[in-house]
Amino acid sequence: MSKRNYILVMFPYPSGDGLHIGHAYNYAVMDTYCRWLRLMGEDVFQPFGYDAFGLPAENYAKKVGREPAEVTAENIERFRGQMAHMRTQFDERLVTTDPSYQKWTQWLFLQLKERGLAYKAEREEPYCSSCETVLAKAQVRDKRCERCGSELEQRLMPQWFFRITAYKDRLIAGLDTVDYPESTKAQQRHWLENLTDWCVSRQRNWGCPIPIEGESDTLDTFVDSSFYYVRYCDPTNTEALCGPDKYRQVDLCVGGPEHACAHLIYARFIHYFLYDIGVVPVEEPFKRVVHQGMITRNGSKMSKSTGNVVSPDDFAPDELRMHLMFIGPYTEGGDWRDGSIKGVSKFLRKMRTWLSENGSDAVDVNTLRVSMDKRVRSLQFNTAVSDWMKFYNANKHLRPSVEASLAIGEMLECFAPSAALSHAPAR
Ligand SMILES: [Zn+2]
Numbered sequence: 065m066s067k068r069n070y071i072l073v074m075f076p077y078p079s080g081d082g083l084h085i086g087h088a089y090n091y092a093v094m095d096t097y098c099r100w101l102r103l104m105g106e107d108v109f110q111p112f113g114y115d116a117f118g119l120p121a122e123n124y125a126k127k128v129g130r131e132p133a134e135v136t137a138e139n140i141e142r143f144r145g146q147m148a149h150m151r152t153q154f155d156e157r158l159v160t161t162d163p164s165y166q167k168w169t170q171w172l173f174l175q176l177k178e179r180g181l182a183y184k185a186e187r188e189e190p191y192c193s194s195c196e197t198v199l200a201k202a203q204v205r206d207k208r209c210e211r212c213g214s215e216l217e218q219r220l221m222p223q224w225f226f227r228i229t230a231y232k233d234r235l236i237a238g239l240d241t242v243d244y245p246e247s248t249k250a251q252q253r254h255w256l257e258n259l260t261d262w263c264v265s266r267q268r269n270w271g272c273p274i275p276i277e278g279e280s281d282t283l284d285t286f287v288d289s290s291f292y293y294v295r296y297c298d299p300t301n302t303e304a305l306c307g308p309d310k311y312r313q314v315d316l317c318v319g320g321p322e323h324a325c326a327h328l329i330y331a332r333f334i335h336y337f338l339y340d341i342g343v344v345p346v347e348e349p350f351k352r353v354v355h356q357g358m359i360t361r362n363g364s365k366m367s368k369s370t371g372n373v374v375s376p377d378d379f380a381p382d383e384l385r386m387h388l389m390f391i392g393p394y395t396e397g398g399d400w401r402d403g404s405i406k407g408v409s410k411f412l413r414k415m416r417t418w419l420s421e422n423g424s425d426a427v428d429v430n431t432l433r434v435s436m437d438k439r440v441r442s443l444q445f446n447t448a449v450s451d452w453m454k455f456y457n458a459n460k461h462l463r464p465s466v467e468a469s470l471a472i473g474e475m476l477e478c479f480a481p482s483a484a485l486s487h488a489p490a491r
């Protein structure tokens, strides 16, 4: 049986700004990784979904006098188009706002409550008077609201809490069993050095309702995102969150370093709980976690407010993907220099022409395959692209056979999917 891989990218919040270059760096590059494993004959589970509840959509809808559901549906449509434009092969499995998903968010709440792990208490929590809701510690940036930047006050209100503190020791001990970046483990240990119970009530409409009579609050969106990767395995099951025969542990989870703490810790906590009640057969949700680096533009952080952004929509997919891969070591990111994408465009043009001019010269396809395999599996996408360029330069004087061209084209297709095979000669 071929090796089975569950490759997870952290699902996006479908904001009104559309998919940005940071998303593209995460999704398009990891799509190359998945395509490569598939080409090597392995089985790859590459699911996708949308973390669609949240304050920005609600605030925006209120401002323009529309329904958050309507705005969110439009945003998701736009994201889908952008994912298709980048030629990714993700398999969309769920949207957290769907009733079929909310049912399990509510089920989870009730399971926790039944075991004394969800409780109501009056406690001072950071409150944003502009967003009219309490916030989790993770949504506070320098005593201000992460969403709108308003200064926060402390408010005493009755709230629902998840007793994450009961899992503190296990969450710390579990870090020794997983392959996460050392910096992420250190941040989690530190975050768990100050753990308090997780306040999950939000005084907002655009969220999953707390399934208790008389409650008008909704659940923190971090609850929605704490088990989506389990539900991905069995999204249409109406009897169970995930059938025991359907569950797969995530082999590799890739997402931004900003999720090193809150999201990843909440997901680990909920997964431990699901393990304790027999829903999942392993304790840790993610065997391995990697954070992609950040893409800057002309030396500075991309920011909509200063207009210093590039959109994935503005580039042809093959060039975009290969340029992002080439920009720097994947976990460090790199700087987007306007115009430098021409380098990979030129390479792809030359490569396609070369692949279409066939002869009978011997070209060492196997060495290329072995080196690409090593590069891709170790997430060295930048050196993989430079290996492609070296390969071309070393072989451009030769005329490969049709067979060799097709084999090379198949490998190139993992990196530049819309080009390679269609430009290879017909048999
Ligand atoms: Zn706010």
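Under the numbering used here, residue 491 is the last one in the sequence shown; the count climbs by one each step, no gaps. We treat Cβ as the ideally placed atom computed from N, Cα and C, and that holds for glycine. Just so you know, these numbers come straight off a predicted model, no measurement behind them.
Just so you know, the alpha carbons of Phe390 and Tyr165 end up roughly 38 angstroms apart. According to the DSSP assignment, Arg441 belongs to the alpha helix (DSSP H) that extends over Val429 to Arg441.
Annotation for Phe350: Val314 and Cys317 place their beta carbon closer than 6 angstroms to its own, counting only its chain and skipping 5 residues before and after. Going by beta carbons, Arg385 and Thr96 fall inside the 8 angstroms limit.
The residue among Met358, Ile85 and Tyr77 with its C-alpha nearest the C-alpha of Phe286 is Tyr77. Here the region 371-382 makes no contact with the region 333-348; the two share fewer than three CB pairs at distances below 8 angstroms. For Phe225 against Val264, the beta-carbon gap comes to about 7 angstroms, under 8 angstroms, which counts as contact.
Secondary-structure assignment with DSSP links Pro111 through a beta bridge to Asp155. A heavy atom of ligand 1 is found nearer than 7 angstroms to the CB of Ser214. DSSP places Glu257 inside the alpha helix (DSSP H), whose first and last residues are Glu246 to Glu257.
The region 351-439 is shown to contain whole alpha helix (DSSP H) runs of 4 or more residues at 381-390 and 406-420, in chain order. Distance from the Cα of Asn90 is smallest, within the candidate group Met221, Val242 and Pro321, for Pro321. Looking at the DSSP output, Gly319 sits in a beta bridge with His355. Excluding sequence positions up to five before and after Ser364, its CB lies within less than 7 angstroms of the CB of Asn372, all in the same chain and listed in chain order. For Arg187, the enclosing beta strand (DSSP E) starts and ends at Ala182 to Cys192. In this structure, Phe154 sits away from Leu83, with a CB-CB distance that is not shorter than 8 angstroms.
In this chain, the alpha helix (DSSP H) harbouring Met94 covers Ile85 to Leu103. According to DSSP, residue pairing for Asp243 in a beta bridge involves Arg352. For Phe226, DSSP records a beta bridge to Ala182 and Trp262. Of the residues assessed, Gln218 falls on the exposed side of the cut-off, its CB having fewer than 16 other CB atoms within 10 angstroms.
In the DSSP annotation of this structure, Arg463 is not part of any alpha helix (DSSP H), being labelled neither H nor E. In this structure, ligand 1 has no non-hydrogen atom nearer than 7 angstroms to the beta-carbon of Cys263. Distances from the CB of Cys297 to the heavy atoms of ligand 1 are all 7 angstroms or more.
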